[in-house]
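Protein chains in written order, with our numbering: chain A, 1 to 327; chain B, 328 to 654; chain C, 655 to 981. By construction, the Cβ of each residue, glycine as well, lies at the ideal position given by its N, Cα and C atoms. Computed from a prediction, not measured in an experiment: that's the story for all the values here.
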C-alpha cells in the first residue's frame, strides 16, 4: 500500500477516485475495472430487472460542454441502472470561455451536494482542471476532452477485446484511420500497451498520423493490406468529414478505396479477427456494410459493454470515497 | 391459438408485442387494452402514490424524430408511473434522412439493452420499419408517424367514449375538420368501426376530406348542422393554419363560421353528447370557448385517460415478451 | 383557526398550499419553513443516501417559460431527493403569449394528474394567475416571475442568515446593487422585515434604486462605506450588463470602483459579517474574487441551503393538501 501516489486519479489507498485518463493506471487497475464490469454485464443483459441499488441516493451530474446525445445517454443509463439520481446539464462552451467561470459553474453545482461529475469538454485537460478543484467527496469522470482522451471508450474497447479474446497476451491489434485527431485512439493505444498486447499497429495516411507515432508504442503502416496482416483485432475510427479536407483527400470515395475496411481486405487479418468501431459508423466511408453487419463485427456489442464499463467505473470511484470517509 | 399471425404487432400467442396501428387489432384486443387501462385510471386519479412497480428495471426510450413536448410528456409520465427508467432522445430528422442511418441509430440504442422504443417520426411507416428490425425482446410503440397513424391517441379517445357512454353499440360519432391530413382521424375511424359503433361520420370542407372517404367506412357531411344531427359523440380536430391556406379558406373566421363548434350547433347533437378534441385547441377557430369549457366537453379528461391508456399498452407489450421468453 | 383566509397561498387551516410570494406570510410561517429545511439540510449534507420517501409517487412539473438551468436544477434535485417524479417542460413565452393559452397549457398538464407546478415566468404575476386556476389538489411554487418576486431565493437567503447568525434580532443587513430591477431584492426586503431584523439597508446608484425605496422599509445609501458601516450581513446582487447601460454607468470598471465589494470595503462591516450573493457572480464587477472566495463568503453554502429550503416548501405545500383532503 503506497502512502503517497503521484497520480491523483487514485486515492491514498490506490483506489480509483477519479477516472480521467488511462495514463497512470496500471494493468492491475484496468483489470479490476474489467472484472467489475463483468458482473454488471450480466445484470444488464440477462436480468429482467436491470437495476442494482449500489448508488441509490447518490447524485450524478452529466455536465456536458460539448453536445453528445450518444455518450450522454450511455452515462445516464449506467447511472440509472445503479439507482443513482441523474442531472443532465448542457452548457455552451461560449458561456464559460474563461477558466474561472468554468470553476464557478462546477463549484456551484457541487454545492448542491452532488457526488459525481461526468465531464465532456472541448478543451483537453478540462476534466483534470475540474478534478483538481472538487471537494474530497466528489469524483470526476472524463467523458471525452478535446483531442486528449476518451478513457471510458477505451475501457469498453478493452472489455470487448477481453470478452472475445479472453486474454491480451499475444494479440495483434490494428487501429485504422485518423489517429492524429482521435482522443479515442490515444486512449486505446495506452490501454492496449498497458494490458500487454503483443503489438499495436496504426494504419492511415501520413496526414492523419502523428509525426512521432512510433513513440506512442505502435508500429506504423500506410497500406491496409500490410497493416491488417494476421491481426486479431481491427479497430476502425470514424472519419470526420472536416478532417478529410485537412488531409487533402479528394473524396470519401478515395478514402474508402485506400483505407475502407472491405470483406476482401479483412481476409488479411486472422480468420477469427473481430472488427470494432466506436460509432457512429460512416457506411461506405471507413467501413463497408458487409463488414459492419457481418460475423466479425462486434460493433453493437461494444455499445452494451459500454454501459457495464461505465457502471463499473462509477461504482468503483464512489466506493473509494466511501472507504476513505469511513477510515 | 393461431400458430402463424400475419399481423406482426402480435406475438405467436396473439398477445400485443408492438403497438403500431389500430389496423390488424380486433375488437377483443382493443377491449382488453381498455380493460387494462381501467385499472390504471384508478391508480393515477385516486391513489396518493401514483406508481406501480410493474416495469421496474425496464428501460423505455422516447425516440422522437419530431418534436412534441406534449406527447412525449404523456409517455414519459406513463413510463415513470410504471416505475420504468425513461430516456428522452430527440433527433433531428435531417440527421437521419437515410433509412440506413435511422436503423443504425435504433440498433445502437437497442444495444444498450433497452426494452421499448416509443417512436415519433414525420414519415409514415417509420415505426413499422423499426419494429421489423428490433430484437425479439424489444417492443415498439407508435407515438405518431407522418399522416399515417396515431394509435395511442385513438385508443385514449375510445377509452374516453367508453367511460362516458359505457358501450359502443348504437353510438353515432362525428369527426369534424381536416380529416385528410389527420393521422388521428384515420386511427379513430378504424377503432370506432372495429368497436362496432352504429355510425361514423366525418364533417368538413371537400378540400379537407379524402376523395374516397366513404371507403373508410364513414358517412360524409359538408354541413355541420346535418352532420351533428343526433350524434352521441363529437370529435373536433385541430385546424393547422398551413392547411387552411391549402384548403383555400380565406380566413380562420370563415372556417369558424362554417365548421366551428358553437353551443348553438351542438344543440343538433343528442342532449347528452360529449365533445372531444385531441388538443391543443384553437379557441375561436374550430371550437368556441363556451363549448370547450362547457359541460359537454371531456377534453381535459381525455388527457388523463391518455396516461392510463399508455400505461396499459406499455404493460401489455412488455408482458407479452416476458411470457414468450418464459415459454 | 381562521375560517377564511384572504391570502390564498394558505389553506383554510392556515397551512402553506402555494408558495408565491413572501407577502402575506407571517414570521411564524417563515420560521416554520426554515425549521423544516433544517431537517433536510442534514439529510442532504451528511447522509450517504440523500433521499427521503416523503413525496414518493407524486409528480412535480418544472414548467419554465424562461430558461434557467440553474434554478431548474435546484428544484429538480430537491424533488428527486424527496423521491418525487419530475417532469421538465420548457416553453417559449412566445408560444403562450395570450393568457388564455397559458391557462390551456397548465390545465392540460394538470389533467395528467400532476401534484405540483414549479413556475418560472417572465411576466410578474403569472404564478398567481396559474395558482388561481389550478384544482384543489395542485400546488404552485413561484420560481421567479418577472421583476416581482423570487421567494424561494429569499427564503434560502433567510435560512443562510439564520444558520450563521442564529437569530434575526438586532441584525443589520445591507443589500447592494440593482435593487430596482431585482425580484430577489424585493423578496429579501419583505422577508427580512417580516423576520424582524433591526435594519435593512439598500446601497446603490440612484438610477438602480426605486424612487420610493424607503417605503419598502429600508434605509437608502448611495455610498458603500456608509452603507456597510457595522452591518452583520452583506447581500450583493448580480449586475446585469444591460442594466448598466440603462443606469448610464460608463463601464463595469466604474461600477466596481463605486459599488464593488472589496476586502477593504468589507472592513466597514462588522468583523463577523457574512457576504452573500444569489449567483452567478460577476467577479471583478460587483465583487472581487478575494471576497467571493474569502472567509466571510457564504455564497456556495447558500446553494446547498437552497436545496433544503425547496425540499421544505415542496413538502409543506404537498402535506397541507393531504390534510385538507383527509378532513
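In three-state DSSP terms, what is residue i?
i, result
"residue 584 of chain B", "helix"
"residue 744 of chain C", "strand"
"residue 567 of chain B", "coil"
"residue 826 of chain C", "strand"
"residue 469 of chain B", "strand"
"residue 182 of chain A", "coil"
"residue 974 of chain C", "helix"
"residue 216 of chain A", "helix"
"residue 98 of chain A", "Because the pLDDT of residue 98 of chain A is 41, which lies under 50, any placement of that residue in the model is unreliable, and the number read from its coordinates should be weighed accordingly. Of the three classes helix, strand and coil, the one that applies to residue 98 of chain A here is coil, per DSSP."
"residue 389 of chain B", "strand"
"residue 653 of chain B", "For residue 653 of chain B, the predicted structure reports a pLDDT of 48, less than 50, and the residue's modelled location is therefore unreliable. The matter cannot be settled from this model."
"residue 200 of chain A", "strand"
"residue 483 of chain B", "helix"
"residue 118 of chain A", "strand"
"residue 562 of chain B", "strand"
"residue 679 of chain C", "coil"
"residue 778 of chain C", "coil"
"residue 412 of chain B", "strand"
"residue 281 of chain A", "coil"
Excluding five sequence neighbours on each side, which residues of the same chain lie with their C-beta closer than 8 Å to the C-beta of residue i?
i, result
"residue 457 of chain B", "429, 430, 433, 444, 446 and 467"
"residue 160 of chain A", "274, 276, 298, 301, 302 and 305"
"residue 816 of chain C", "688 and 822"
"residue 557 of chain B", "499, 595, 596 and 597"
"residue 611 of chain B", "579, 583 and 587"
"residue 634 of chain B", "367, 371, 401, 404, 405 and 408"
"residue 934 of chain C", "724 and 892"
"residue 271 of chain B", "In the structure as shown, chain B starts at 328 and stops at 654, and residue 271 of chain B therefore has no counterpart that could be examined."
Please go through the same chain and pick out, in chain order, the residues whose beta-carbon is closer than 7 Å to the beta-carbon of residue i, but skip the five residues on each side of it.
i, result
"residue 82 of chain A", "52, 54, 55, 311, 314 and 315"
"residue 807 of chain C", "838, 841 and 932"
"residue 334 of chain B", "351"
"residue 437 of chain B", "461, 462 and 465"
"residue 547 of chain B", "529, 536, 540 and 541"
"residue 262 of chain A", "288 and 291"
"residue 824 of chain C", "852"
"residue 655 of chain B", "Here chain B comprises residues numbered 328 to 654, so residue 655 of chain B is not present and cannot be evaluated."
"residue 690 of chain C", "966, 969 and 970"
Short of 6 Å in beta carbon distance, which residues of its chain neighbour residue i, apart from the five on each side in sequence? Order them along the chain.
i, result
"residue 114 of chain A", "59 and 61"
"residue 87 of chain A", "61"
"residue 418 of chain B", "392"
"residue 121 of chain A", "65 and 145"
"residue 912 of chain C", "none"
Let me confirm a value: residue i is counted as buried when at least 16 other C-beta atoms fall within 10 Å, else exposed. Which label applies?
i, result
"residue 921 of chain C", "exposed"
"residue 544 of chain B", "exposed"
"residue 945 of chain C", "buried"
"residue 288 of chain A", "buried"
"residue 879 of chain C", "exposed"
"residue 696 of chain C", "exposed"
"residue 940 of chain C", "buried"
"residue 98 of chain A", "Interpretation of residue 98 of chain A is limited by its pLDDT of 41, a score under 50 that renders its predicted location unreliable; the figure taken from the coordinates is listed afterwards. Counting Cβ neighbours within 10 Å, residue 98 of chain A comes out exposed, since fewer than 16 surround it."
"residue 531 of chain B", "buried"
"residue 781 of chain C", "buried"
"residue 340 of chain B", "exposed"
"residue 211 of chain A", "exposed"
"residue 330 of chain A", "Nothing can be reported for residue 330 of chain A: it is not among the residues displayed for chain A, which extend from 1 to 327."
I think residue i touches residue j, with their Cβ atoms under 8 Å apart; what is that distance to the nearest whole Å?
i, j, result
"residue 155 of chain A", "residue 309 of chain A", "5 Å"
"residue 200 of chain A", "residue 189 of chain A", "6 Å"
"residue 191 of chain A", "residue 30 of chain A", "6 Å"
"residue 804 of chain C", "residue 779 of chain C", "The Cβ separation is near 13 Å, so there is no contact."
"residue 681 of chain C", "residue 849 of chain C", "6 Å"
"residue 57 of chain A", "residue 703 of chain C", "3 Å"
Segment contact flag, the segment 671-679 of chain C with the segment 491-505 of chain B, C-beta cutoff 8 Å, min 3 pairs
no
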